[in-house]
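*Asks:*
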Amino acid sequence: MKSKEQVFWFLSHNKMWCIPLCLAAFSLLPGSYTHAASIIDENTLIVNSTQQQRIVKGTVIDANGEPLIGVNVKEVGGSTGTITDINGEFSLNVAPKTKLEISFIGYQTQNVTVGEARQITVTLQEDTQVLDEVVITGFGMSQKKATLTGAVSSIKSEEIARSSAVTAGGALVGKIAGVNTRQQDGRPGAETALQIRNMGTPLFVIDGVISDTGQFSQMDFNDIESISVLKDASAALYGVRAANGVVVITTKKGSRNSKNTVSVNAYYGWQKNSKYVSPANVKDYVHAYVTAETFSGRNGDSRRYSKEEYEKWMSGTEPKYQGWNWEDYIWVSAPQYYINTNFSGGTDKANYYVAVSHINQDATIRNYGGFRRTNVQMNIEMNVNERLKVGASMNGRIEDRRHPGVPGADDTWLPRFATMKNQPTKRPFANDNPNYPQLVSDQPETNFAILNYETTGKVSDVWRVIQMNGTAEYEILKGLKFKGMLGYYYAYNELDNQEFTYELYGYDEQKDNYYVTNRMSNPYRERNREKVEDQFSNFQLNFDRKFGKHAVVAVAGFEASQRKRPKMWIHSTPVSNAMDLIRLKEIQEFNDDGNRTEARMGYLGRINYSYADKYLVELIARWDGSWKFRPDNRWGFFPSASLGWRVSEENF
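When the letters of the sequence shown are read in order and numbered with mature numbering (1 follows the signal peptide of the UniProt record, and there is no 0), they come out as residues -36 to -1, 1 to 616.
#1: Do residue 456 and residue 428 have their C-beta atoms closer together than 8 angstroms?
#2: Here's the rule: buried if 16 or more other CB atoms are within 10 angstroms of the residue's CB, otherwise exposed. What is residue 277?
#3: With the cut-off set at 8 angstroms, would you say residue 415 and residue 368 are in Cβ contact?
#4: In three-state terms, what does DSSP make of residue 286?
#5: To the nearest angstrom, report how far apart residue 381 and residue 212 are at their CA atoms.
#6: At 3 residues or longer, and completely inside the segment 214 to 300: list those beta strand (DSSP E) runs for me, N to C.
#7: Should residue 143 be labelled buried (16 or more other beta-carbon atoms within 10 Å of its own) or exposed?
#8: Kindly indicate which three-state DSSP category residue 314 falls into: helix, strand or coil?
#9: Going by alpha carbons, who is nearest to residue 99 out of 559, 572, 190?
#10: According to DSSP, is residue 303 helix, strand or coil?
#11: Alpha carbon to alpha carbon, how far is residue 59 from residue 105? Give it in angstroms, no decimals.
#12: Just list the residues that DSSP pairs residue 401 with in beta bridges.
#13: In this structure, what does DSSP give as the bridge partners for residue 105?
#14: Report yes if the CB atom of residue 470 is closer than 8 angstroms to the CB atom of residue 387, and no otherwise.
#15: Could you pull the start and end residues of the beta strand (DSSP E) that residue 419 belongs to?
#16: So for residue 50, helix, strand or coil by DSSP?
#17: Taking only three categories from DSSP, how would you classify residue 473?
#18: Using a Cβ-Cβ cut-off of 8 angstroms, state whether residue 353 counts as contacting chain B.
#19: Say whether the segment 493 to 512 touches the segment 526 to 540, bearing in mind that this needs 3 or more beta-carbon pairs closer than 8 angstroms, one atom from each stretch.
#20: Give me the Cβ distance between residue 165 and residue 177, rounded to the nearest whole Å; I'm assuming they're in contact under 8 angstroms.
#21: Can you look up residue 647 in the DSSP assignment and give me helix, strand or coil?
#22: Applying the 10 Å Cβ sphere with the 16-neighbour rule, what's the burial state of residue 551?
#23: Does DSSP classify residue 84 as helix, strand or coil?
#24: May I have the straight-line CA-CA distance separating residue 128 from residue 501, to the nearest angstrom?
#25: Looking at residue 322: is its Cβ nearer than 8 angstroms to the Cβ of residue 338?
#26: Tell me residue 534's beta-bridge partners as DSSP assigns them.
#27: Compare the beta carbon distance of residue 358 and residue 432 with 8 angstroms and say whether it is the shorter of the two.
#28: From residue 577 to residue 90, what distance separates their C-alpha atoms?
#29: To which residues of the same chain is residue 395 closer than 6 angstroms at the C-beta, ignoring the five residues directly before and after it?
#30: From what residue to what residue does the alpha helix (DSSP H) around residue 381 run?
#31: Have a look at 175, 102, 270, 366 and flag the residue whose alpha-carbon is nearest the alpha-carbon of residue 198.
#32: State the start and end residues of the unbroken alpha helix (DSSP H) segment that holds residue 635.
#33: What first and last residue would you give for the alpha helix (DSSP H) that runs through residue 134?
#34: In whole angstroms, what is the alpha-carbon distance linking residue 424 and residue 399?
#35: Between 354, 24, 522, 408, which lies nearest to residue 314 when the distance is taken from Cα to Cα?
#36: Taking all protein chains shown into account, do 16 or more other C-beta atoms lie within 10 angstroms of the C-beta of residue 420, making it buried, or fewer, making it exposed?
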């Protein structure tokens, strides 16, 4: 009761000083502000200050004088806002000289200063740049957004260039309508899963080459020029694998008639783990334990903590009774840095783009290693003569993931589990000697003091990847072109995992010696070697002509691909931590998966017709064959059709 009275007196005492000080401070404000003070209770004083405001009414119209419905009207730098009604009118309570931002999809955003006027009219102009924007729709073809009849979303390089994400998928989070993203785990370098309309994994096409998720996720997104997402019927051009949509990526290639340019982009930052519920500190833990024992009827020597020990834990002055904060010990702030250097330029007959980048991301778990990746991107195009254009591209990368050896390869669930399970009365080392880690729960692996390469071993997972493409384009007749592409992809994975045996200790204070309390005596050695080799070819005829008000764009093509993926895996039980080689007599399991050959082939066609840019028709068909099905049922037909009517182009 006494402490409560002191607190109450302190609050009451301070309140008497607060009122005159606050009112004195507010008396110095300009005259355009009004003040109101009210006492809610004997300890609470509220002082309100608001600038003089007034109602401003307005109308938003288009270039033809027609009212616009649903236009966003908001105060610049403030939280006040509204939308226009069916007559294009709005009403807003704002201060003098306030700036209003008027925005509407398909129109240019305007900022308007209210001034002393109480009635304003704003005319919005159509944003023709949005309608004229060109998007890639697959197989090197592009269309203006205004003439699209299918569901296609797009994003430009400028919208993702400043992202601090590690993967290309991470840079797209929240950027494209209809695309859902999921960060499936928190490992350094982990991929962000993309789904189009929540429908599984989409197909990825990079510079015309069908690629897997890893190829897209681990490319440097600063080398990307644009991304188009084909949904629903728009994806039928890619056949059976496009059931979940298609993500079409175009990389930067430089510009014709441009200066040689060197660009450097870099950052350095820190990561911190998402905040979860914190475990009990040592005082709360001991108090709760003693309380539970009291209610359960334990007495005397059956209790874990005596009265004297309880008092020592509560005071926390003696070294042995200070406890340990496992949350702060396990989870750390980790650095992340990135640098990209690129060279680009071009003449009237050639253009090029070359980039090298490196990213480093450490784990937010103490001593848990991290992720490193180096990317190289090269593109070059040149005109051999007036009809023939050739090009070559190469992208490669090295991914390196390393962390201490623990059961289950990395057991990423373990840090969160250990944070809650480790006893705050247990410190990581016996007698605080860093050479003797001790048992801190009923599971040896939850003591993160043992997680280092010297004590528990090492896991190394390295991918080396290269993709090379060659292209040629020949103009046969006006509006008719032949295009061909040959691609080769090679990837090699080396996974080495070694889990050491180790011991945990206790300390005898009277004898001043350390003794073994627990052993991890299940050594593990794993080696995986995997190779991926793809060969890809694509040949197509493109037609693009206008005949008066009639416009026809068509493509007919053929593509084929083959993949070989041999893999060998060995598991052994080494006799010594120092033995990093695998001896024949120690092998427990050996698997050879063979070449695992895959093959696909497809014929495709698409026709886009428009009349006066008003009436639009798109027809798509693909005849697809895949190794996944029986020979007598290997081929499938995938058609789609879409119609469009640009009502805005009509005269009524």
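For every residue, glycine included, the Cβ atom is placed at its ideal position computed from N, Cα and C. Quick caveat: nothing in here was measured; it's all calculated off a predicted structure.
*Replies:* With the structure as the only source:
#1: For this step, residue 456 is matched to residue 492 along the sequence shown. For this step, residue 428 is matched to residue 464 along the sequence shown. Yes, the Cβ-Cβ distance between residue 456 and residue 428 is below 8 angstroms.
#2: Start at 1 with the first residue of the sequence shown, and residue 277 comes out as number 313. With 16 or more Cβ atoms within 10 Å of its Cβ, residue 277 is classed as buried.
#3: The residue labelled residue 415 in the question sits at position 451 within the sequence shown. The residue labelled residue 368 in the question sits at position 404 within the sequence shown. Their beta carbons are under 8 angstroms apart, which means residue 415 touches residue 368 by this criterion.
#4: Within the sequence shown, the letter at position 322 stands for residue 286. Reduced to three states, the DSSP call for residue 286 is coil.
#5: As a first step, residue 381 must be located in the sequence shown, where it is residue number 417. As a first step, residue 212 must be located in the sequence shown, where it is residue number 248. Cα to Cα, residue 381 sits roughly 40 angstroms from residue 212.
#6: 222 to 235
#7: Locating residue 143 in the sequence shown gives position 179, counting from the first residue. Under this definition residue 143 is a buried residue.
#8: One-based indexing of the sequence shown puts residue 314 at position 350. Three-state DSSP puts residue 314 in a strand.
#9: Position 135 of the sequence shown, counted from the first residue, corresponds to residue 99. If we check each option's Cα against that of residue 99, 190 comes out closest.
#10: Sequence index remark: in the sequence shown, residue 303 carries index 339 (1-based). In the structure shown, residue 303 sits in a strand (DSSP, three-state: E or B).
#11: As a position in the sequence shown, residue 105 is number 141, starting the count at 1. As a position in the sequence shown, residue 59 is number 95, starting the count at 1. Looking at the two C-alpha atoms, the distance is approximately 51 angstroms.
#12: One-based indexing of the sequence shown puts residue 401 at position 437. In the DSSP output, where bridge partners are listed per residue, residue 401 has 393.
#13: Position 141 of the sequence shown, counting from 1, holds the residue named residue 105. BP columns for residue 105 point to 102.
#14: Walking along the sequence shown from the start, residue 470 turns up at place 506. Walking along the sequence shown from the start, residue 387 turns up at place 423. Cβ atoms of residue 470 and residue 387: not closer than 8 angstroms.
#15: Position 455 of the sequence shown, counted from the first residue, corresponds to residue 419. Per DSSP, residue 419 belongs to no beta strand (DSSP E); it is in the alpha helix (DSSP H), 417 to 420.
#16: On the sequence shown, residue 50 is found 86 positions in, with the first residue counted as 1. Of the three classes helix, strand and coil, the one that applies to residue 50 here is coil, per DSSP.
#17: Within the sequence shown, the letter at position 509 stands for residue 473. Three-state DSSP puts residue 473 in coil, outside helix and strand.
#18: The chain labelled as chain B is not found in the depicted structure, where only one protein chain is given.
#19: The segment 526 to 540 and the segment 493 to 512 touch, with three or more beta-carbon pairs separated by less than 8 angstroms.
#20: Residue 165 sits at position 201 when you count from the first residue of the sequence shown. Residue 177 sits at position 213 when you count from the first residue of the sequence shown. That pair is a contact at about 6 angstroms.
#21: The structure shown does not extend to residue 647, since the chain is modelled only from -36 to 616, so the question has no answer here.
#22: By 1-based counting over the sequence shown, the position of residue 551 is 587. Classification of residue 551: exposed, given that the 10 Å Cβ count is below 16.
#23: The residue labelled residue 84 in the question sits at position 120 within the sequence shown. Look at residue 84 here: in three-state DSSP terms it is strand.
#24: Taking the first residue of the sequence shown as 1, we reach residue 128 at position 164. Taking the first residue of the sequence shown as 1, we reach residue 501 at position 537. If I take the Cα positions, the gap works out to 35 angstroms.
#25: Position 358 of the sequence shown, counting from 1, holds the residue named residue 322. Position 374 of the sequence shown, counting from 1, holds the residue named residue 338. Cβ atoms of residue 322 and residue 338: closer than 8 angstroms.
#26: Taking the sequence shown and counting its residues from 1, the one referred to as residue 534 is at position 570. DSSP output for residue 534 lists 491, 554 as bridge partner(s).
#27: In the sequence shown, counting from the first residue as 1, residue 358 sits at position 394. In the sequence shown, counting from the first residue as 1, residue 432 sits at position 468. In contact: residue 358 and residue 432 (Cβ atoms closer than 8 angstroms).
#28: Position 613 of the sequence shown, counted from the first residue, corresponds to residue 577. Position 126 of the sequence shown, counted from the first residue, corresponds to residue 90. Rounded to the nearest angstrom, the two C-alpha atoms are 17 angstroms apart.
#29: Your numbering for residue 395 matches position 431 in the sequence shown. Within the same chain, residue 395 has close Cβ partners 471.
#30: Within the sequence shown, numbered from 1, the residue matching residue 381 stands at position 417. Element bounds for residue 381: 378 to 385.
#31: The sequence position of residue 198 within the sequence shown is 234, counting from 1. Nearest option by C-alpha distance: 102.
#32: Residue 635 is absent from the model: the chain starts at -36 and stops at 616.
#33: Looking up residue 134 in the sequence shown gives position 170. Where residue 134 is concerned, the enclosing alpha helix (DSSP H) stretches over 132 to 135.
#34: Translated into the one-based positions of the sequence shown, residue 424 becomes position 460. Translated into the one-based positions of the sequence shown, residue 399 becomes position 435. Each residue's alpha carbon lies about 25 angstroms from the other.
#35: The residue you call residue 314 lines up with position 350 of the sequence shown. Minimum Cα distance to residue 314 is reached at 354.
#36: On the sequence shown, position 456 is the one that residue 420 refers to. The residue is buried, with at least 16 neighbouring Cβ atoms inside 10 Å.
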